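For the sequence shown, the numbering used here gives the first residue as 6, with consecutive numbering after it.
These notes are about the structure you will find just below.
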Amino acid sequence: NEIHYDKDFAQANGLPGVIVHGWLICSFLGQMITDWMGESGTLVKLSCSYRRMHFPGENITCKGRVAKKHIEDSKHYVEAEIWTENPKGESAVLGSAIVFRASFW
């Protein structure tokens, strides 16, 4: 979509300028989770919901917390709440991830 690379198009559509693509932000969150879980974990599910926009050049902070741990079919699952924050500290993209491993961390 042109709002991600054409400033004039983005501004003509009511934006202050181009915006960072939401799937890129979701990919950042996915990388955060896979870095955290390491090679012994498996990412089962990743989902994101877009609440605010991120703009090129701004710092994007990825955060998360373990929301739940449980065992199902002898697999150890961890459910995490994940999100990004803009430079003002406002949540922009909210999401969740499910990871499994042979044992809990």
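Just so you know, even glycine gets a beta-carbon here, dropped at the ideal spot from N, CA and C.
Computed from a predicted model, the values in this text were never measured in an experiment.
Would the beta-carbon of residue i fall within 8 Å of that of residue j?
i, j, result
"residue 23", "residue 12", "yes"
"residue 92", "residue 64", "yes"
"residue 45", "residue 100", "no"
"residue 56", "residue 98", "yes"
"residue 102", "residue 29", "no"
Between the options, which lies nearest to residue i when the distance is taken from Cα to Cα?
i, options, result
"residue 86", "96, 97, 72 and 76", "72"
"residue 83", "28, 14, 29 and 50", "50"
"residue 88", "48, 105, 38 and 42", "38"
"residue 105", "94, 59, 80 and 90", "80"
"residue 52", "34, 61 and 15", "34"
"residue 40", "17, 76, 68 and 77", "68"
"residue 32", "66, 15, 76 and 94", "66"
"residue 126", "74, 94 and 60", "Residue 126 is absent from the structure shown; the chain starts at 6 and stops at 110."
Per DSSP, which one or two residues make a beta bridge with residue i?
i, result
"residue 14", "According to DSSP, which records beta bridges pairwise, residue 14 is partnered with nothing at all."
"residue 97", "The partner list for residue 97 (beta bridge, DSSP) is empty, contrary to what the question assumes."
"residue 103", "50 and 84"
Within the region 17-91, ranges of the beta strand (DSSP E) (whole runs, at least 3 residues): The region 17-91 contains, as complete beta strand (DSSP E) runs of 3+ residues, the segments 47-55, 66-77 and 80-90 (chain order).
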